[in-house]
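Note that my numbering has the sequence shown beginning at -3, numbered continuously upward.
All residues carry an ideal CB built from backbone N, CA and C; glycine is no exception.
Here is the structure we will look at.
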Amino acid sequence: METIFSRNKEEHPEPIKAEVQGQLPTWLQGVLLRNGPGMHTIGDTKYNHWFDGLALLHSFTFKNGEVYYRSKYLRSDTYNCNIEANRIVVSEFGTMAYPDPCKNIFAKAFSYLSHTIPEFTDNCLINIMKTGDDYYATSETNFIRKIDPQTLETLEKVDYSKYVAVNLATSHPHYDSAGNILNMGTSIVDKGRTKYVLFKIPSSVPEKEKKKSCFKQLEVVCSIPSRSLLQPSYYHSFGITENYIVFIEQPFKLDIVKLATAYIRGVNWASCLSFHKEDKTWFHFVDRKTKKEVSTKFYTDALVLYHHINAYEEDGHVVFDIVAYRDNSLYDMFYLKKLDKDFEENNRLTSIPTCKRFVVPLQHDKDAELGSNLVKLPTSATAVKEKDGSIYCQPEILCEGIELPRVNYDYNGKKYKYVYATEVQWSPVPTKIAKLNVQTKEVLHWGEEHCWPSEPIFVPSPDAREEDEGVVLDFSFLSCIFVSCLCICCIHICLFTVIFDMGSFHY
Ligand SMILES: CC1=C(/C=C/C(C)=C/C=C/C(C)=C/C=O)C(C)(C)CCC1
Ligand SMILES: [Fe+2]
């Protein structure tokens, strides 16, 4: 296994023609961009965690039934500093590094004692975001990096904090029907307050302002105060419906005092995250039109989540589906020491990812009896009114053992049927792709021996009438690599193999 996870991946900046087995739909034209860690060893130094690896960008160009692959390392400041010093000089999620004293690109890191929030990495390895015609590699810090989607070259660095007071931002933004981005970030101890900020980046700038970047037009939609000044919740994604933003304030928290003293204590950022199992999980709903938060307090028991699947409104309720855990063991699983061992035998999650549906009665009868279930939809999810006016929600379980969920994005925020995800069961490494029908709970699987799929991407066919008319694209591990193209309904499966080295991830 060592070879798959921690081996440095070679980049292939020139297009390589893939060998296609079977036939691709003729309408499938365009570029699939993927991001993920590709290099974990620099000189004699090695990152500790899979999420630390230097970002390797991948693209698959689909054209007239042919596929061309290329990959290129993101030339972030982090990449350049590390390569020049021939050692890891910038700290990542699971690795605390000490900067090269001759360089001042990450100047703040030297003066950590005078700053509460250290300067973070611009190794944007998690996802790709589209603003208008521009593409950015993203992570969860305040930095994103523009890239050229054709050549995969690295362009300018954007610091979110110059446009909006956030220190962190998610790598799972949402897009509205006009292509505007909605994202959330955390503003840490800014003017004595810690809050979660929802912001909008327009997809285009007005003609007379064409020279300006769309970030100059960034708008704060609203902010939600954190329940705790020094321990805001960590979150990896959020949900959206036609009229609401769904934000879950989970008791998996980032300790700011620990973060500010991490350098002195010689510990990594990951150790500043902790799960408070005695706390509650609070649900927040922001009205997208009035920009106001719904005042009723809705909560559930302590849980940890990374991925929202989808959310929608039905008869005065907000229904939202998430992949939840009972503890925070997932991120711990990705320490390379654990992955390099026989991961399937020794690396089992202590809590299985569970697909949970919460049904929240936003418009409920204010005179309803205490203890009564306010959910009026046919579901086993409940929402019970308590003495202090808060509402305690319990979910319906949709399925277990899936992660990296995706939906047909045309159905994002709307009542929907299908989730495409990887099947992980008790191991953090996926072995199959699943298609879950959230209405019937039926699951279809696709898998091959020695093949570890990544996040499946659903591409609807241009004239689709049904939600699942289209193909699923997946970038998977095999002894060599392949991209699998799984026709929905499993009528036929076509696979095509590209024979070179890879570094995959999700997102
Ligand atoms: C660098 C850094 C962070 C990085 C987090 C990362 C890199 C998370 C990756 C998450 C993934 C890949 C999740 C998949 O489900 C924090 C903790 C936000 C804050 C401190 C600085
Ligand atoms: Fe993710």
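Alpha-carbon spacing of residue i relative to residue j, whole angstroms
i, j, result
"Phe243", "Phe234", "5 angstroms"
"Lys383", "Leu366", "6 angstroms"
"Ser224", "Phe281", "18 angstroms"
"Glu462", "Asp40", "53 angstroms"
"Asp459", "Ile453", "18 angstroms"
"Asp323", "Lys273", "8 angstroms"
"Gly34", "Arg402", "23 angstroms"
"Lys68", "Lys142", "14 angstroms"
"Ser368", "Ala377", "13 angstroms"
"Leu335", "Thr427", "15 angstroms"
"Pro114", "Asp283", "33 angstroms"
"Thr436", "Thr147", "43 angstroms"
"Thr296", "Lys352", "12 angstroms"
"Asn179", "Lys362", "32 angstroms"
"Gln421", "Lys208", "47 angstroms"
"Ser347", "Tyr131", "36 angstroms"
"Phe279", "Tyr240", "12 angstroms"
"Pro424", "Ile177", "30 angstroms"
"Met329", "Cys210", "38 angstroms"
"Glu1", "Gly175", "First, the amino acid is wrong: residue 1 is Phe here, not Glu. Approximately 35 angstroms, taken between the alpha carbons."
"Lys505", "Ala364", "Here the chain covers residues -3 to 503 and nothing more, so residue 505 does not appear."
"Ile398", "Leu440", "12 angstroms"
Whether residue i touches residue j by CB criterion (9 angstroms)
i, j, result
"Pro456", "Asp470", "no"
"Leu121", "Leu70", "yes"
"His313", "Pro357", "yes"
"Glu574", "Tyr192", "Because the chain is modelled from -3 through 503, residue 574 falls outside the range shown and cannot be assessed."
"Gly409", "His170", "yes"
"Glu88", "Asp48", "yes"
"Lys431", "Val468", "yes"
"Lys158", "Ser72", "no"
"Lys249", "Ser270", "yes"
"Tyr416", "Ile429", "yes"
"Leu299", "Leu326", "no"
"Asn76", "Ala51", "no"
"Gln25", "Phe58", "yes"
"Pro247", "Thr277", "yes"
"Thr375", "Leu400", "no"
"Leu370", "His360", "yes"
"His8", "Leu29", "no"
Helix, strand or coil at residue i according to DSSP, with G and I counted as helix
i, result
"Phe56", "strand"
"Trp23", "coil"
"Val63", "strand"
"Arg461", "coil"
"Gln390", "strand"
"Cys120", "coil"
"Ile184", "strand"
"Ile79", "helix"
"Met125", "strand"
"Ala51", "strand"
"Arg261", "helix"
"Lys191", "strand"
"Trp422", "coil"
"Lys411", "coil"
"Tyr405", "helix"
Same chain, Cβ closer than 6 angstroms to residue i, five either side skipped, listed in chain order
i, result
"Asp186", "Ala161"
"Val315", "Tyr308, Val355"
"His232", "Tyr302"
"Asn404", "Phe454, Pro456, Glu463"
"Thr74", "Val86, Thr117, Asp118, Asn119"
Cβ-based neighbour list, residue i, same chain, cut-off 8 angstroms, excluding 5 preceding and 5 following
i, result
"Glu10", "Arg66"
"Gly181", "Asn138, Tyr156, Val160, Val162, Asn163, Leu164, Ala165, Thr166, Tyr192, Val193, Phe195"
"Thr91", "Tyr43, Asn44, His45, Asp48, Ile84, Asn264"
"Leu151", "Arg141, Lys142, Ile143, Asp144"
"Lys285", "Asn239"
"Ile318", "Gly235, Ile244, Leu301, His303, His304, Ile305, Cys351, Lys352, Phe354"
"Ser110", "Note that Ser110 scores a pLDDT of 45, beneath 50, so its modelled location is shaky and nothing firm can be said."
"Ala103", "Only weak support exists for where Ala103 lies, its pLDDT of 48 falling under 50; the value from the coordinates is given anyway. Contacts found: Glu115."
Contacts around residue i, its chain only, beta-carbon distance under 7 angstroms, and the 5 residues preceding and following it disregarded
i, result
"Pro221", "Arg189, Lys191"
"Val253", "Leu226"
"Ala93", "Ile84, Val85, Val86, Ser87"
- prompt: Does the region 302 to 318 come close enough to the region 211 to 227 that 3 or more CB-CB pairs lie under 8 angstroms?
  reply: no
- prompt: Do the region 276 to 293 and the region 118 to 134 touch if we need at least three Cβ pairs shorter than 8 angstroms?
  reply: no
message: For the pair the region 11 to 27 and the region 74 to 89, tell me if three or more CB-CB distances fall below 8 angstroms.
response: As far as the Cβ criterion goes, the region 11 to 27 does not touch the region 74 to 89, which means the pair count is below three.
query: Should the region 380 to 399 be called in touch with the region 291 to 301, which here means at least 3 C-beta pairs below 8 angstroms?
result: A contact exists between the region 380 to 399 and the region 291 to 301.
message: Three or more C-beta pairs under 8 angstroms: does that hold for the region 195 to 203 against the region 260 to 267?
response: no
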